[in-house]
Amino acid sequence: MKEKQNNLRQSLRDFFIASEDEQNGGVKERISGLRRYVSKIKPNFVEGGRFAWLQSTFEAFESFLFVPDTTTKQGCQIRDAVDLKRTMITVVIALMPALLFGIWNIGYQHYLALAETVSFWYMIGFGLAKALPVIVVSYVTGLAIEFTFAQIRHHQVNEGFLVTGMLIPMVLPPDIPLWMVAVATAFAVIIGKEAFGGTGMNLVNPALLARAFLFFAYPSVMSGDKVWIADQPDAFTGATPLGILANGGTELPSAWTMVWGGIPGSMGETSVIAIALGATLLLITGIANWRIVLSVFAGGIGIGLVFNAIGATPYMQLPFYYHLIMGGFAFGAIFMATDPVTAPQTNTGKWIYGLLIGIFAVLLRVLNSAYAEGMMLAILLMNCFAPLIDHCVIAKNIRMRQKRAVVTSKASAK
Amino acid sequence: MSQFKKLLIEPLRKANPITVLVLGICSCLAVTAQLKPALVMGASVTVVTALSNLIISLLRKGIPARIRIIVQLVVVATLVILVDQFLKAFVYDVSKQLSVFVGLIITNCIVMGRLEAFAMSHKPWESFLDGLGNGLGYSLILVIVAFSRELFGSGTLFGYQVVPQSFYEAGYQNNGLMILPPMALVVVGVIIWINNSKTESK
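Chains as they are written, first to last, in the working numbering: chain A, 1 to 414; chain B, 1001 to 1202.
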């Protein structure tokens, strides 16, 4: 006990001495000082150490600071340079344009509603004041739960929540009460993810589950024309294009406005251009599957054309490409539908999955005005069917190959 | 003595009909939006399981094996109609709230399950205790689920306002999802999760 205490004291001293060295030693010294410190305190956190119960937390921070030096000891394994950490961070980077635009747009919509002209930085400042607390609450709640579960189960803390924690604020309206964000994040992480076994085991997308939870639990803050603009003046109606259509209206913002994104809506979903920037990065790096993205858009366009042909209601007569630029369609197609965990694994399955998401999203929007935004429910529904799609595709492949095998064996018997 | 006690205690947790055997889920989702109907439902099922277990156990040697399900159904149906009439006479509003679900006790898997698995092969007193224990185990889960659903969904318990008005003024809102049946399934799932993780570690 005493010895360990001394040990800890010594390591603390080492750390500070190292930082003093660094003043004349430069960057290299500092890194080695921190490295030395982390290695020094490591024995406390391994099996039998004083803080062994914090092992997962320690490992999470260690691998956050340094590249893990563990190598495969046995068996034949292939390791990709693009590991989970790099995948996740790429998605977060891809989300940045949409997030930054969203922050600006919160301010822009607010001052537009007040009919005031303010400078660019005022808008950014106002948007930050609204968006940052939501992001912080989402991350703190989610990570606290992830760390706790990893600790209890003696698992490593996974990086999966880095993306989820960023996605959750981006699909919520800017005026959402913070305690609701915390409740929804906790629900999504515990019920949607940890109950199924943690990162990589979840059946549905946790970020969308958080949104669906809020949508059904607290409809007053998630729908209508009063929630999409922060601190909205009472006399002003701030309906989203989808909200206008669901209430039977037809006076929409121009198509160009909806493409660049100067419309009310969830924090990250309004600008198709900003989303397209992120999409380019994800598609080039191959982290988002192009088959899913393409087929979601194809499904949406296809059903849009069918509705155009029928044309029974004003909503059906809406030009088909409007569906792709309104609401969360583009955001969902790029960042939600492509989640590799909840999408099918087979290529044929991905086509079916994407097409059905596009079809259901537009179908829900046009035919069921109670759910103005069909994208969320469409993706959640298809998430549930993804394993079944995979199963059918594989079973079909097996049947096909079996048939072929029988034929050739007969041929050789002759 | 301890054997009788075990018959009564075990279905409460270790062999709970809902969380371990996963029977009777349907009514558990339907009647638990509020505490009062859940309590009445639990009491009704307890009475039916206990008495039908007792009666079938008394008759067990005279029932021909090939028509035993019919005999069991007759007994259960009689008891359910008695309970239904009783509820209509004394707690009419609750009986209206429960609507078909009292009648559907006939098809409740717990009742038939205990008759088949226990009463047909055990003595009357033991069967009675087993029925009572299983009914109580069912009621326990119903009350836990209904408690959380009514508290978070409506802010009330037994219809009385529990969440103070100052909470609502501070921005608190009732959780609308709690009123919907899917959330009952999630709550039952969480109870099963906690229950399993506790029994596993023992």
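Cβ atoms here follow ideal geometry from the backbone N, Cα and C, with glycine treated the same way.
message: Let me confirm a value: Trp179/A is counted as buried when at least 16 other C-beta atoms fall within 10 Å, else exposed. Which label applies?
response: Counting Cβ neighbours within 10 Å, Trp179/A comes out exposed, since fewer than 16 surround it.
field: For Thr346/A, three-class secondary structure by DSSP
entry: Coil, per DSSP.
message: Residues in the same chain with beta-carbon distance under 8 angstroms from Gly26/A, minus the five sequence neighbours each way, listed in chain order, please.
response: The predicted position of Gly26/A is uncertain, since its pLDDT is 48 and thus under 50; no value can be drawn from it.
- request: Write down the C-beta distance between Lys226/A and Gly238/A rounded to the nearest angstrom, noting that I regard them as a contact closer than 8 angstroms.
  value: 7 angstroms
Below-8 angstroms beta-carbon distance, Val27/A vs any chain B residue: Because the pLDDT of Val27/A is 49, which lies under 50, any placement of that residue in the model is unreliable, and the number read from its coordinates should be weighed accordingly. Taking 8 angstroms as the CB threshold, Val27/A stays off the interface with chain B.
Continuous alpha helix (DSSP H) stretch holding Thr257/A: start and end: Ala255 to Trp260
query: What residues from chain D crowd round Trp1193/B, counting only those whose CB sits closer than 7 angstroms?
result: Considering every chain present, this structure includes no chain D. Its protein chains are A and B.
- request: Flag this pair as yes or no: are the beta carbons of Ile275/A and Trp260/A separated by less than 8 angstroms?
  value: no
- prompt: alpha helix (DSSP H) containing Gly127/A: first to last residue?
  reply: In the DSSP assignment, Gly127/A falls within the alpha helix (DSSP H) that extends over Phe120 to Arg153.
query: Which value, in whole angstroms, describes the spacing of the CA atoms of Met88/A and Tyr139/A?
result: Rounded to whole angstroms, Met88/A to Tyr139/A spans 14 angstroms at the Cα level.
query: Are the beta-carbon atoms of Leu1021/B and Phe216/A separated by less than 8 angstroms?
result: no
- request: Under the assumption that Ile1095/B contacts Leu1104/B (Cβ atoms under 8 angstroms), give the Cβ distance between them as a whole number of angstroms.
  value: First, the amino acid is wrong: residue 1095/B is Ser here, not Ile. Contact flag wrong, Cβ pair sits at about 13 angstroms.
message: Beta carbons nearer than 8 angstroms to chain B: which residues of the segment 124-158 of chain A have them?
response: none
message: If you reduce the DSSP assignment to three classes, tell me which class Tyr321/A lands in.
response: Correct three-state label for Tyr321/A: coil.
Coil, strand or helix - Thr90/A by DSSP: helix
- request: Please compile the residues from chain B whose C-beta is within a distance smaller than 7 angstroms of the C-beta of Pro219/A.
  value: Gly1176
task: Would you check if the distance between the CB atom of Ile287/A and the CB atom of Val362/A is smaller than 8 angstroms?
output: no
message: Please confirm whether Phe216/A has its beta-carbon closer than 8 angstroms to some beta-carbon of chain B.
response: Yes, Phe216/A counts as interfacial toward chain B.
field: Contact check, Phe66/A vs Arg35/A, beta carbons under 8 angstroms
entry: yes
field: Contact set between Leu1180/B and chain A, taken where Cβ atoms lie within less than 8 angstroms
entry: Phe216
task: Below 8 angstroms on the Cβ atoms is my guess for His330/A versus Ala386/A; work out the distance and round it to an integer in Å.
output: The sequence as given places Ala at residue 330/A; His does not occur at that position. Ala330/A to Ala386/A, Cβ: 21 angstroms. No contact.
message: I'd like the ranges of any alpha helix (DSSP H) spanning at least 4 consecutive residues and lying wholly in the segment 209-290 of chain A.
response: Complete alpha helix (DSSP H) runs here, min 4: 219-222, 241-246, 255-260 and 272-285.
CA nearest to the CA of Gly198/A, picked from Ala184/A, Val157/A and Gly165/A: Val157/A
query: Roughly how far, in whole angstroms, is the beta-carbon of Ile1192/B from the beta-carbon of Thr1019/B, given that I think they are within contact range, below 8 angstroms?
result: 5 angstroms
message: Comparing C-alpha positions only, which one of Ser1127/B, Val1040/B and Leu1007/B sits nearest to Leu1140/B?
response: Val1040/B
- prompt: Since Asn1053/B and Arg1013/B are thought to touch, with beta carbons under 8 angstroms apart, how far apart are those beta carbons, to the nearest angstrom?
  reply: In fact, because the Cβ distance is near 20 angstroms, the residues do not count as touching under 8 angstroms.
message: Less than 8 angstroms between the beta carbons of Val1076/B and Val1111/B, yes or no?
response: yes
task: Would you mind sorting Asn347/A into buried or exposed? The rule is 16 or more other CB atoms within 10 Å of its CB.
output: With fewer than 16 Cβ atoms within 10 Å of its Cβ, Asn347/A is classed as exposed.
message: Residues in the same chain with beta-carbon distance under 8 angstroms from Val46/A, minus the five sequence neighbours each way, listed in chain order, please.
response: Ala52 and Gln55
Residue of Ala186/A, Met201/A and Pro241/A minimising C-alpha distance to Ser213/A: In the sequence on display, residue 213/A carries Phe and not Ser. The option with the nearest alpha carbon to Phe213/A is Ala186/A.
Same chain, Cβ closer than 7 angstroms to Val406/A, five either side skipped, listed in chain order: Result list for Val406/A: empty, nothing under 7 angstroms.
query: With Leu95/A and Phe335/A assumed to form a contact (beta carbons below 8 angstroms), what rounded beta-carbon distance in angstroms separates them?
result: 7 angstroms
- prompt: Which value, in whole angstroms, describes the spacing of the CA atoms of Ser1002/B and Val1074/B?
  reply: The straight-line gap from Cα to Cα measures roughly 33 angstroms.
query: Which residues, taken in chain order from the segment 171-205 of chain A, show a beta carbon closer than 9 angstroms to some beta carbon of chain B?
result: Pro177, Trp179, Met180, Val183, Phe187, Ile190, Ile191 and Ala195
task: For chain A, find out if any of its Cβ atoms is closer than 8 angstroms to the Cβ of Val1186/B; answer yes or no.
output: Residue contact check for Val1186/B against chain A: a CB pair falls below 8 angstroms.
message: Can you check which of these residues, Leu1051/B, Met1178/B and Asn1196/B, is closest to Ala1030/B by C-alpha distance?
response: Met1178/B
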